[in-house]
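Step one of this worksheet: look at the structure below.
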Amino acid sequence: MGISITVQNKDNDDKNNKINKNEKKLLSSMVIKPYFKNYILSFIISFFTAFGIISIVLLEKDLINFLTNKNYDMFFNIGYKLFFLSIGVSILVFIKTFVNNVSTEKIIVKLRNKFSEKLLTSKYTDLEKQQTGEIMTLFLNDIDLIKDYISKVFNDLLYQPIIFIISISFALFINWKLTVVSFLIIPISLIISLIVALPIKSYTFKQQNIIDKSNTIFSDAISGIDVLKAFQLESIFLSKFKKQISFFLKNYKKISFFDSLLFQMNIIIMFLPILILFAYGGFEIINNRLTLGELIAFMQFIILFITPLSFSTHYISSRNKAVVSIKRIKKILDLKEEQTGKKTNININYNPTIEFDNVSFKYTDEFIFNDLSFTINRGEKVVILGSSGSGKSTILKLLMGFYKVNKGKIKIFGEDINNYDIHELRKYVSIVPQDIFLFNESIRWNVKFSDFDNVTDEEIIQSMKKSQIISLINQKTRTLDTKISEFGNSLSGGEKQRLSIARGLSKSAEIFIFDESTSALDLETENKLLENIFSELKDKTIIFITHRKSILKWFDKKIIIENGRDLNE
1 MGISITVQNK DNDDKNNKIN KNEKKLLSSM VIKPYFKNYI LSFIISFFTA FGIISIVLLE
61 KDLINFLTNK NYDMFFNIGY KLFFLSIGVS ILVFIKTFVN NVSTEKIIVK LRNKFSEKLL
121 TSKYTDLEKQ QTGEIMTLFL NDIDLIKDYI SKVFNDLLYQ PIIFIISISF ALFINWKLTV
181 VSFLIIPISL IISLIVALPI KSYTFKQQNI IDKSNTIFSD AISGIDVLKA FQLESIFLSK
241 FKKQISFFLK NYKKISFFDS LLFQMNIIIM FLPILILFAY GGFEIINNRL TLGELIAFMQ
301 FIILFITPLS FSTHYISSRN KAVVSIKRIK KILDLKEEQT GKKTNININY NPTIEFDNVS
361 FKYTDEFIFN DLSFTINRGE KVVILGSSGS GKSTILKLLM GFYKVNKGKI KIFGEDINNY
421 DIHELRKYVS IVPQDIFLFN ESIRWNVKFS DFDNVTDEEI IQSMKKSQII SLINQKTRTL
481 DTKISEFGNS LSGGEKQRLS IARGLSKSAE IFIFDESTSA LDLETENKLL ENIFSELKDK
541 TIIFITHRKS ILKWFDKKII IENGRDLNE
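Note that full-length UniProt numbering has the sequence shown beginning at 1, numbered continuously upward.
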């Protein structure tokens, strides 16, 4: 998509500049100001690092003066000081790099956790509008761009200007002979860099595996958000995600150690040409073939042009990318959290269990329901029939609190659903949704998560028997610990449906809702399964949403939805 900009007057320029300033303020408010203490620490370390480097420059200058005057005793005395100071500064630079990299990652970890928590606790209606691919891009690519910017602020923005300002005053004309001598060190630098970089490869491979697992957890959470919310898995997924992020941080520290060491090698290599220049340049000065100014000028040139100037272009590019990314991420962080009431005291013995009182609801402009009314008594077995698009499945989403009605009331256990703490209410409702989602976990996990704290292996097996899916673990190669492939692609449609039913049956609930849960089953299997369900849940309230009229004999009551109303009214 192309963008055409026409500059008409100064007011338009001011407006655009104002927008840019606001975007920069947004970036600062989210990743700079909240961590001001971290940046202060970085500035202090950067200052002492720069001070140490400047001290080296000054000692080098004195060293040259003593060399010029042939005061060799002082020359070696200053040389020793310079040697030990260089070691001290090298250690300080290593600490600076390591601390700054870890500080950067901690900020990013907090941003990732905040991002994931916002997604898992946001309104269902807002989450439905999000594209999984876009979310993953935000979570990975955009946050990485912000990370790159923060890293440059920590490692360079607070450091390079100090070096640049001091160094520019020492810049003089360049001698080509010294350039050749200084670049003799490049082969050595390559060998040292390769040796130091070897461990980084294995740690990076491990890091990518951790990222893959994190992405899988995150993708599962987004794709199965309705199941996740219905069974109140927010805290479980957050715990799993934070655990992977914790592994990520620990492994990152190891990578950062070798990255910092590699960076330190580069710094040392940058100063090695200076030592060579002193040896070669000193010889040249003694023989009057080189001036003192040429030696000092080239020494400062290495610092002046290789590091600070190259940094400035990278920093500007990184900042612009980060401004765009933080603006995109802010849209997710601004999503509203799921609205809920406060009532937690639920009277499950109240009759009727469910009441639709003149309920009207629409997704967009056209109403799905118009003054829909019906009641479902405690322990009643009800089938809801209707053509495709009649709104049968919408009833499930309304009962789970995923959507709010436009008009009328929905009462569950005698109370308006909007008055309940929706998370507490969902404990008493078990669903088997039409769109089956199986997580990339074991068979046990996929069934047990309906009630993690209470479901035993024996209960899982019983649920699977009643759901006609026990054969899934009777094979030699399959047990409860067998991992299901992503989205359950290794299972047939019928197997996925029956496993989903086993999940629903394993939950200790009062209301059980089955949405087209037997559509992939043959009549014989369906009837056997319904017999098991009704035997297991004989005292529970059952709602069966279907288009199959062949199962009507199993139910006490039928609700037929057409044109947004119950035809039985």
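For each residue, glycine too, the CB sits at the ideal point set by N, CA and C.
Grab the span of the alpha helix (DSSP H) containing residue 447 for me, first residue to last.
Taking the first residue of the sequence shown as 1, we reach residue 447 at position 447. 443 to 448 is the span of the alpha helix (DSSP H), which, as asked, contains residue 447.
How close, in whole Å, do the beta carbons of residue 433 and residue 226 come, if the pair is a contact with beta carbons under 8 Å?
Residue 433 sits at position 433 when you count from the first residue of the sequence shown. Residue 226 sits at position 226 when you count from the first residue of the sequence shown. The Cβ separation is near 6 Å, so the contact holds.
Which residues in the same chain as residue 219 place their Cβ atom closer than 6 Å to its Cβ, once the five residues preceding and following it in sequence are excluded?
Counted from its first residue, the sequence shown places residue 219 at position 219. Correct list: empty, nothing qualifies.
Would you call the CB atoms of residue 460 and residue 501 closer than 9 Å?
Stepping through the sequence shown from its first residue, residue 460 is reached at position 460. Stepping through the sequence shown from its first residue, residue 501 is reached at position 501. The answer is no: Cβ separation not under 9 Å.
Going by the CB atoms, is the gap between residue 404 and residue 419 shorter than 9 Å?
On the sequence shown, residue 419 is found 419 positions in, with the first residue counted as 1. On the sequence shown, residue 404 is found 404 positions in, with the first residue counted as 1. No.
Using the rule of at least 16 other Cβ atoms within 10 Å of the residue's Cβ for burial, across every protein chain shown, is residue 50 buried or exposed?
Here residue 50 corresponds to residue number 50 of the sequence shown, with the count starting at 1. Label assigned to residue 50: buried.
Would residue 319 pass as a contact of residue 149 if the rule is Cβ separation under 9 Å?
Your numbering for residue 319 matches position 319 in the sequence shown. Your numbering for residue 149 matches position 149 in the sequence shown. Yes; because the gap between Cβ atoms is below 9 Å, this pair is in contact.
Residues in its own chain within less than 8 Å of residue 121 by CB, not counting five upstream and five downstream?
Stepping through the sequence shown from its first residue, residue 121 is reached at position 121. Taken in chain order, the residues that qualify are 234, 337 and 338.
Between the alpha carbons of residue 253 and residue 260, how many angstroms are there, rounded?
The residue given as residue 253 occupies position 253 in the sequence shown. The residue given as residue 260 occupies position 260 in the sequence shown. Rounded to whole angstroms, residue 253 to residue 260 spans 10 Å at the Cα level.
Hey, residue 421 and residue 518: beta-carbon distance below 9 Å or not?
For the purposes of this step, residue 421 is taken as residue 421 along the sequence shown, with counting starting at 1. For the purposes of this step, residue 518 is taken as residue 518 along the sequence shown, with counting starting at 1. No. Outside cutoff.
Considering residue 372, what are the terminal residues of the beta strand (DSSP E) in which it resides?
Position 372 of the sequence shown holds residue 372. Here the beta strand (DSSP E) through residue 372 covers 367 to 376.
So, for residue 109: in the same chain, excluding its five sequence neighbours on each side, which residues have a beta-carbon less than 8 Å away from its beta-carbon?
Taking the sequence shown and counting its residues from 1, one reaches residue 109 at position 109. 245, 248 and 249, listed in sequence order.
Check the Cβ-Cβ distances between residue 562 and every residue of chain B, and say whether any is below 9 Å.
In summary, chain B is missing from the structure at hand, where a single protein chain is found.
Nearest-angstrom Cα separation, counted from residue 283 out to residue 144:
Counting from one through the sequence shown, the residue named residue 144 turns up at place 144. Counting from one through the sequence shown, the residue named residue 283 turns up at place 283. For residue 144 and residue 283, the distance between alpha carbons rounds to 50 Å.
Distance, residue 130 Cα to residue 388 Cα
Reading the sequence shown from its first residue, position 388 is the one you call residue 388. Reading the sequence shown from its first residue, position 130 is the one you call residue 130. Roughly 25 Å between the two C-alpha positions.
When you compare each of 425, 286 and 97 to residue 343 by their alpha carbons, which one comes out closest?
Counting from one through the sequence shown, the residue named residue 343 turns up at place 343. Checking every option, the nearest Cα to that of residue 343 belongs to 425.
Whole beta strand (DSSP E) runs in the stretch 330 to 366 with 3 or more residues, listed along the chain?
354 to 362
Taking the CB atoms as reference points, tell me whether residue 503 and residue 521 lie closer together than 9 Å.
Within the sequence shown, numbered from 1, the residue matching residue 503 stands at position 503. Within the sequence shown, numbered from 1, the residue matching residue 521 stands at position 521. No, these two residues do not count as a Cβ contact at 9 Å.
So the candidates are 93, 495 and 79; which of them puts its Cα closest to the Cα of residue 67?
In the sequence shown, the residue the question calls residue 67 occupies position 67. Minimum Cα distance to residue 67 is reached at 79.
Check for me: the alpha helix (DSSP H) holding residue 397 runs from which residue to which?
In the sequence shown, the residue the question calls residue 397 occupies position 397. 392 to 399 is the span of the alpha helix (DSSP H), which, as asked, contains residue 397.
Taking the C-alpha atoms as reference points, what is the distance between residue 328 and residue 408?
For this step, residue 328 is matched to residue 328 along the sequence shown. For this step, residue 408 is matched to residue 408 along the sequence shown. Residue 328 and residue 408: Cα-Cα distance of roughly 37 Å.
Alpha-carbon spacing of residue 9 relative to residue 39, whole angstroms
Residue numbering aside, residue 9 sits at position 9 when the sequence shown is read from its first letter. Residue numbering aside, residue 39 sits at position 39 when the sequence shown is read from its first letter. Only weak support exists for where residue 9 lies, its pLDDT of 44 falling under 50; the coordinates are left without a value.
Between the alpha carbons of residue 64 and residue 41, how many angstroms are there, rounded?
Stepping through the sequence shown from its first residue, residue 64 is reached at position 64. Stepping through the sequence shown from its first residue, residue 41 is reached at position 41. Taking the straight line from one Cα to the other gives about 35 Å.
So, with DSSP's three-state summary, where would you put residue 565?
Taking the first residue of the sequence shown as position 1, residue 565 is located at position 565. In the structure shown, residue 565 sits in a strand (DSSP, three-state: E or B).
Within 9 Å, strictly: CB atoms of residue 415 and residue 347
Here residue 415 refers to the residue found at position 415 when the sequence shown is read from its first residue. Here residue 347 refers to the residue found at position 347 when the sequence shown is read from its first residue. Their beta carbons are under 9 Å apart, which means residue 415 touches residue 347 by this criterion.
Alpha carbon to alpha carbon, how far is residue 231 from residue 477? Give it in angstroms, no decimals.
Taking the first residue of the sequence shown as 1, we reach residue 477 at position 477. Taking the first residue of the sequence shown as 1, we reach residue 231 at position 231. One C-alpha to the other measures close to 29 Å.
How far does the beta strand (DSSP E) with residue 541 in it extend, from its first residue to its last?
Your numbering for residue 541 matches position 541 in the sequence shown. It spans 541 to 546 - the beta strand (DSSP E) in which residue 541 sits, taken as one unbroken run.
Hey, is the stretch 522 to 532 in contact with the stretch 356 to 363, meaning 3+ C-beta pairs nearer than 8 Å?
no
Express the C-alpha separation of residue 374 and residue 240 in angstroms, rounding to a whole number.
Your numbering for residue 240 matches position 240 in the sequence shown. Your numbering for residue 374 matches position 374 in the sequence shown. Taking the straight line from one Cα to the other gives about 41 Å.
Can you tell me where the alpha helix (DSSP H) with residue 528 in it begins and where it stops?
Position 528 of the sequence shown, counted from the start, is the residue given in the question as residue 528. Where residue 528 is concerned, the enclosing alpha helix (DSSP H) stretches over 523 to 536.
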